[in-house]
Amino acid sequence: MRNYIIRRLALFIPTAFGVSLFIFMMLHVIPGDYATSLLLSGTDRTIEVTEEDFERVRKRLGLDGSLPEQYLRWVGNFARGDFGTSWTNRRPVLDRMKPRLLVSAELAFLAVLIAVVIAIPGGILAAARRDTWVDYVFRVVSIGFESAPNFWLALLTILVLLAVFGWLPPLEYKPPWVDPWTNFQTLFLPAIIVGARSSAGMLRMTRSSVLEVMREDYVRTADAKGLKRPRVLFVHVLRNALLPVITLAGFEVVILMGGLVVIEQVFNVPGIGKLLIQGISGRDYPVVQAIVMFVAVIVLVANLLVDILYSVFDPRIRYS
């Protein structure tokens, strides 16, 4: 297992290199020069801006030199832990990201918790009550959540709350150690929307996996021995049925990160997703590059954890 983890960690390097090259090229092939727009936007037209001014601003922004030189400079600084300086407010990018990481981590944790609480018991119950009204309700609701975009659900929820109850969640985020109730009100609705969307696929996968495992001989043997149904489901069936669900959960991390970007913007949650939108709209390249690399690392780590969980739930799986 240790050698396998080391090899997987080594594979992070070429993957991260590919992501960094892609995002760098995508941002720098956009037409326009940020240094030009920065100088001309706040300059009196009667004042002449010289070429030396453009060169000085480009050098401060790290836009001097060819694209390969800029890329190597950025990668080298990133490897040393220097994520650059935000162009919009001249603060280090890491300082802008740190307070928002906690907000996004809290929202993601609540969303994952809600998704698991809905998907696992719901999938088991739908499989145990196959082809009954309970099964049909879970299937219809899960398909509905999976087909509905996050931003549409968020806007619909806000409209219903405003029209029916005359209430909106607080628009100002408060840390849980400062104001727990306001923190709960701010994040509960976004977490429900993202978690419900993520739970849809996992619920249907749990149902399919449980139904498949229930046809195995050892499950029939457990039933023939007179074991109670809950014990058969949760002890003999669930552990083997969770392997494909774990795979899907790793894939849902990517969808979850995309959902946070939209939801944080709609509910005005000051997380990483909202900062990414601000960076894209303001063409703040250092912020966008740092956040995309951070998300890429999260996805790589999530995939590694999924592989490790395989061996935890199925002792027959061994990595060498």
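Residues in the sequence shown are numbered consecutively from 178, following our numbering.
Using N, Cα and C, we set each Cβ at its ideal position, and we do this for glycine too.
Between the options, which has its C-alpha nearest residue i's C-alpha?
i	options	result
R408	V422, P421, M391, I423	M391
L249	L198, A292, M274	L198
G258	I369, F471, P357	F471
A285	L364, P352, T262	L364
A368	A331, L404, A418, R185	A331
Q362	V371, A373, G372, E349	E349
L333	A479, F189, F444, V476	F444
L238	D400, K402, R267, L336	R267
G378	A292, T309, D356	A292
G456	L188, W251, V270	V270
L453	V294, V318, M274	M274
Q247	F201, A256, L287	F201
N417	Y313, D312, S488	S488
Taking the beta carbon of residue i as the centre, do at least 16 other beta carbons fall within 10 Å, making it buried, or is it exposed?
i	result
P245	exposed
R307	exposed
W160	No statement about residue 160 is possible, as the shown extent of the chain runs from 178 to 497 and does not include it.
H205	exposed
N327	buried
F260	buried
T223	Reliability fails at T223, whose pLDDT of 49 lies under 50, so the model's placement of it is uncertain and the value that follows must be treated cautiously. The residue in question, T223, is exposed, as its Cβ has fewer than 16 Cβ neighbours within 10 Å.
D221	The predicted position of D221 is uncertain, since its pLDDT is 45 and thus under 50; no value can be drawn from it.
S375	buried
D461	buried
F315	buried
R184	exposed
E441	buried
S319	buried
V422	buried
E429	buried
Assuming residue i contacts residue j (C-beta within less than 8 Å), just tell me the rounded distance between them.
i	j	result
G372	V438	Incorrect: roughly 16 Å between the Cβ atoms, too far for contact.
T265	G459	5 Å
A296	L380	4 Å
L339	M382	About 35 Å separates the two Cβ atoms, so there is no contact after all.
T477	T192	According to the sequence as given, residue 477 is Leu; it is not Thr. Their Cβ separation, rounded to whole angstroms, is 6 Å, which keeps L477 and T192 in contact under 8 Å.
Exercise. Mind pulling the alpha helix (DSSP H) runs of 4 or more residues that sit fully within the segment 237 to 323?
Worked result: 244 to 256, 270 to 305
Exercise. What are the start and end residues of each continuous beta strand (DSSP E) run of 3 or more residues lying completely inside the segment 323 to 388, in chain order?
Worked result: none
Exercise. Do the segment 453 to 469 and the segment 379 to 391 touch if we need at least three Cβ pairs shorter than 8 Å?
Worked result: no
Exercise. Within the chosen definition, does the segment 269 to 289 reach the segment 436 to 449 through at least 3 CB pairs nearer than 8 Å?
Worked result: yes
Exercise. Three or more C-beta pairs closer than 8 Å, one from the segment 296 to 311 and one from the segment 404 to 422: is that the case here?
Worked result: yes
For this session: Tell me the start and end of each unbroken alpha helix (DSSP H) in the segment 430 to 495 that is at least 4 residues and wholly inside, in chain order.
Result: 449 to 458, 462 to 490
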